[in-house]
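Chemist:
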Amino acid sequence: MDAMKEELKMIEKNQTWELVDKPRHKRAIGVKWVYRTKLNSDGSINKHKARLVVKGYAQMFGVDFSETFAPVARLDTIRMLLALAAQKGWNIHQMDVKSAFLNGYLEEEIFVEQPEGFIVKGMEEKVYLLRKALYGLKQAPRAWYSRIDSHLLGLGFTKSLSEFTLYFRKVCDETLVVSLYVDDLLVTGSSMKQIDNFKKEMKDVFEMTDLGRMTFFLGMEVQQKQNEIFICQQKYAKEILKNFKMEECNPSATPMNQNEKFCKKDGAAKADERLYRTIIGCLMYLTATRPDIMNAVSLLSRYMHCASEIHFQAAKRIVRYVKGTIDYGLRFCQVKNFTLHGYSDSDWAGCVDDMRSTSGYCFSFGSAIFSWCSKKQEVIAQYTAEAEYVVAAAAVNQALWIRKLMADLFMEQKESTQILVDNQAAISIANNPVFHGKTKHFKLKLYFLREVQKEGEIQLVYCKTESQNADILTKPLPKARYEFLRQRLGVCSSKDKEEC
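With my numbering applied, the sequence shown covers 35 to 534.
The following block contains the structure:
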């Protein structure tokens, strides 16, 4: 009840609505209460929260709403900020906007019913006319983003054209960076005075909670030290074990058997698809800080609609691996040779069902990787060089995007970004203006990759297979090789004291 009263107090203070007579030719949309207990990273109760939510499913397109899209920060961007902050010795602070969606202005005329338990006596027939957005409205995220966007631009920030939720400002050689994720703001920069001034500027306009230095964000636990940031999802991993009753299971050394191959029709009994989808969905979110399980989870996610007991047992093996590495995460730290570089690799015709290959790439600044991908290719490669060329083109696209973000953050890398590939044929095709008979099937990628290399932004460099970090993202590996590459990715235990 206290939480509901607090929510209504915020709505009234924000002048979100106005009690009016119910219009004859307009219908009022219903509302309902949603309750949630918010926890700290150690599992203790932070607060009880009540949210008044509009039944948005009753809205009609073109009448109650039109545009709904609103961007959120990519996890790649957030991890890149963590890596940059560790390198620069910056602290990352976090702010939370109280009832963020209540700040968005509405362009449509929308009426809602009075909330249950708080109907005004003597005015039971009246409804609320919304001046600002409420949670549950289709256009609420867009209205909030438009409001915060215009406010940040008014404060002198510049918005990145490559990441619409990333804002930056430079005053007297002091940099301030803000990343927006719905109602959470991550703030970092070279000057604590600038950060404190920004917090004051925001509090003057919005009801905000200053959470201080970032410690827990989107399920990620963040440990900030001098020139070092460690992120993991230990609390979330424990919840996975508890939810699937595997707290006492025996740990596994690797997430997947090296020689294991999966297919849609394996002859095994059908698994409980709902349970299988739940466990894969949980593991997918765990890959936010665990690239070491990315390939195994990506591979099993291809069988959501036809899961068998073989697939289910393989998923349980990943959970058993998580049990043995429950406190593992990524450690970003300061390095002497701070340069963006990547690794690109592919298996060949690894999928039994359609003979498509798996792409894998990763990027780092010299410590832990902050951007990675493990994905089945959309085309069927007829030979290994083509499979390697396809993933190299995808890695180049990602590298160009990261370079643009670095330029926006006043850290432009003028030298070429090296992407290490362990296939000399793919590099030769990219470098030499010779149209081989084998290249006629992928001319578009051929022209693109040659053009980018010619401009000097990206350079494909050969590396031996033994040094190919992205190998862990394309196929199951033996234990010794797997643990070696896991360490090279920067995945380690929170208890490890090794230097970067």
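Where a beta carbon is used, it is the ideal one built from N, C-alpha and C, also for glycine.
Note that the structure is predicted; figures quoted are calculated from it, not measured.
1. Does the pairing of the segment 213-229 with the segment 116-129 give three or more beta-carbon distances under 8 Å?
2. Would you list the residues sitting across from A84 in a DSSP beta bridge?
3. Thinking just about the alpha-carbon of each residue, which of Q93, I144, K39 is nearest to the one in W51?
4. For L195 and R324, what's the separation of their Cα atoms in angstroms?
5. Between the alpha carbons of N74 and Y91, how many angstroms are there, rounded?
6. Is it true that the CB of Y337 sits closer than 8 Å to the CB of F296?
7. When you compare each of Y319, M242, V239 to M254 by their alpha carbons, which one comes out closest?
8. Restricting to Cα atoms, I'd like to know which of V356, Q416, K39 is closest to M280.
9. Taking S528 and D361 to be in contact with their CB atoms under 8 Å, please state how far apart those CB atoms are, rounded to whole angstroms.
10. With DSSP as the reference, label S401 as helix, strand or coil.
11. Would you mind working out which of L334, N291, M44 sits nearest K132, comparing C-alpha positions?
12. Hey, which unbroken runs of the alpha helix (DSSP H) at 4 residues or more fall wholly within the segment 484-528?
13. Unbroken beta strand (DSSP E) runs of length 3 or more, entirely within the segment 220-270: which are they?
14. Quick check: what's the CA-CA separation for G138 versus G190?
15. Determine the contact status of I436 and L494, defining contact as a CB-CB distance below 8 Å.
16. Go to Y201, then tell me how far its beta strand (DSSP E) extends in each direction, as first and last residue.
17. For T50, which three-state DSSP category applies?
18. Closest to V22 by C-alpha separation, out of K299, N261, K272, would be which residue?
19. Please classify R365: does DSSP put it in a helix, a strand, or coil?
20. How many Å lie between A460 and K509 at the Cα?
21. Classify T312 as helix, strand or coil using the three-state DSSP reduction.
22. Under 8 Å Cβ to Cβ from K42, same chain only, skipping five residues before and after it: list those, please.
23. Residues in its own chain within less than 6 Å of A394 by CB, not counting five upstream and five downstream?
24. Determine, using beta carbons only, whether V161 and V54 come nearer to each other than 8 Å.
25. Express the C-alpha separation of G123 and Q258 in angstroms, rounding to a whole number.
26. Just to confirm my understanding: we take R520, look at its own chain, exclude 5 residues before and 5 after, and list those with CB closer than 6 Å. What are they?
27. What's the gap between the Cα of P289 and the Cα of A429?
28. With a 10 Å radius around its C-beta and 16 neighbouring C-beta atoms as the bar for buried, classify T222 as buried or exposed.
29. On the CB-based measure, 16 or more other CB atoms within 10 Å of its CB, does Q432 come out buried or exposed?
30. With respect to the beta strand (DSSP E) encompassing E208, which residues constitute its N-terminal and C-terminal limits?
31. Beta-carbon separation of T243 and R176 under 8 Å?
32. Just reading off the beta strand (DSSP E) that I414 is part of, what are its end residues?
33. When DSSP labels each residue in this structure, what does A20 get in the three-state scheme?
34. Under the three-state reduction of DSSP, which class applies to V131: helix, strand or coil?
35. Among the residues of its own chain, which have a CB less than 6 Å from the CB of Y201, if the five just before and after it don't count?
36. Under a three-way DSSP split, which group does I274 fall into?
Modeler: Let's see:
1. yes
2. Numbered from its first residue, the sequence shown carries residue 84 at position 50. Answer is Y69.
3. Here residue 51 refers to the residue found at position 17 when the sequence shown is read from its first residue. W51 has its Cα closest to that of I144, out of Q93, I144, K39.
4. For the purposes of this step, residue 195 is taken as residue 161 along the sequence shown, with counting starting at 1. For the purposes of this step, residue 324 is taken as residue 290 along the sequence shown, with counting starting at 1. One C-alpha to the other measures close to 28 Å.
5. Here residue 74 refers to the residue found at position 40 when the sequence shown is read from its first residue. Here residue 91 refers to the residue found at position 57 when the sequence shown is read from its first residue. Between N74 and Y91, the C-alpha separation is close to 32 Å.
6. To locate residue 296, count along the sequence shown from 1; it is residue 262. To locate residue 337, count along the sequence shown from 1; it is residue 303. Yes, the Cβ-Cβ distance between F296 and Y337 is below 8 Å.
7. On the sequence shown, position 220 is the one that residue 254 refers to. Answer by Cα proximity: Y319.
8. Taking the first residue of the sequence shown as 1, we reach residue 280 at position 246. Cα-wise, what sits closest to M280 is V356.
9. Stepping through the sequence shown from its first residue, residue 528 is reached at position 494. Stepping through the sequence shown from its first residue, residue 361 is reached at position 327. With a Cβ gap of about 5 Å, S528 and D361 count as contacting.
10. As a working note, residue 401 is residue 367 in the sequence shown. S401: coil per DSSP, three-state reduction.
11. Position 98 of the sequence shown holds residue 132. Comparing Cα positions, the closest option is M44.
12. 513-523
13. 242-247, 254-259, 262-266
14. Along the sequence shown, one-based indexing puts residue 138 at 104. Along the sequence shown, one-based indexing puts residue 190 at 156. Answer to the nearest angstrom: the Cα atoms are 20 Å apart.
15. By 1-based counting over the sequence shown, the position of residue 436 is 402. By 1-based counting over the sequence shown, the position of residue 494 is 460. No; because the gap between Cβ atoms is not below 8 Å, this pair is not in contact.
16. Here residue 201 refers to the residue found at position 167 when the sequence shown is read from its first residue. Its beta strand (DSSP E) spans residues 200-205.
17. Here residue 50 refers to the residue found at position 16 of the sequence shown. Residue state, collapsed to three classes: coil.
18. Any question about residue 22 goes unanswered here, given that the chain covers just 35 to 534.
19. For the purposes of this step, residue 365 is identified with residue 331 of the sequence shown, where counting begins at 1. DSSP places R365 in strand when its eight states are reduced to three.
20. Counting from one through the sequence shown, the residue named residue 460 turns up at place 426. Counting from one through the sequence shown, the residue named residue 509 turns up at place 475. Looking at the two C-alpha atoms, the distance is approximately 20 Å.
21. The sequence position of residue 312 within the sequence shown is 278, counting from 1. The answer is helix: DSSP assigns T312 an H, G or I state.
22. Taking the first residue of the sequence shown as position 1, residue 42 is located at position 8. It should be pointed out that residue 42 corresponds to Leu in this sequence rather than to Lys. Excluding residues within five positions, the ones whose Cβ falls inside 8 Å are L86, P149, F152.
23. For the purposes of this step, residue 394 is identified with residue 360 of the sequence shown, where counting begins at 1. Residue identity check: residue 394 is Gly in the sequence provided, not Ala. Contacts found: D379, S408, A504, L507, T508.
24. To locate residue 161, count along the sequence shown from 1; it is residue 127. To locate residue 54, count along the sequence shown from 1; it is residue 20. Result yes, Cβ atoms of V161 and V54 sit closer than 8 Å.
25. By one-based count along the sequence shown, residue 258 stands at place 224. By one-based count along the sequence shown, residue 123 stands at place 89. Looking at the two C-alpha atoms, the distance is approximately 10 Å.
26. Residue numbering aside, residue 520 sits at position 486 when the sequence shown is read from its first letter. Cβ within range, chain order: D326.
27. For this step, residue 289 is matched to residue 255 along the sequence shown. For this step, residue 429 is matched to residue 395 along the sequence shown. Computed Cα separation, rounded: 25 Å.
28. The residue given as residue 222 occupies position 188 in the sequence shown. Classification for T222: buried.
29. In the sequence shown, counting from the first residue as 1, residue 432 sits at position 398. By the neighbour-count rule (16 or more Cβ atoms within 10 Å), Q432 is buried.
30. On the sequence shown, residue 208 is found 174 positions in, with the first residue counted as 1. That run of the beta strand (DSSP E) goes 208-215.
31. As a position in the sequence shown, residue 243 is number 209, starting the count at 1. As a position in the sequence shown, residue 176 is number 142, starting the count at 1. It is not a contact, given that the beta carbons lie outside the stated cut-off.
32. The count along the sequence shown starts at 1 and reaches residue 414 at position 380. Where I414 is concerned, there is no enclosing beta strand (DSSP E), given that its DSSP letter is neither H nor E.
33. Shown here, the chain extends from 35 to 534; a query on residue 20 therefore has no answer.
34. As a working note, residue 131 is residue 97 in the sequence shown. Three-state DSSP puts V131 in a strand.
35. Here residue 201 refers to the residue found at position 167 when the sequence shown is read from its first residue. Excluding residues within five positions, the ones whose Cβ falls inside 6 Å are L186, F191, K193, V212.
36. Here the question's residue 274 lines up with position 240 in the sequence shown. Three-state result, I274: helix.
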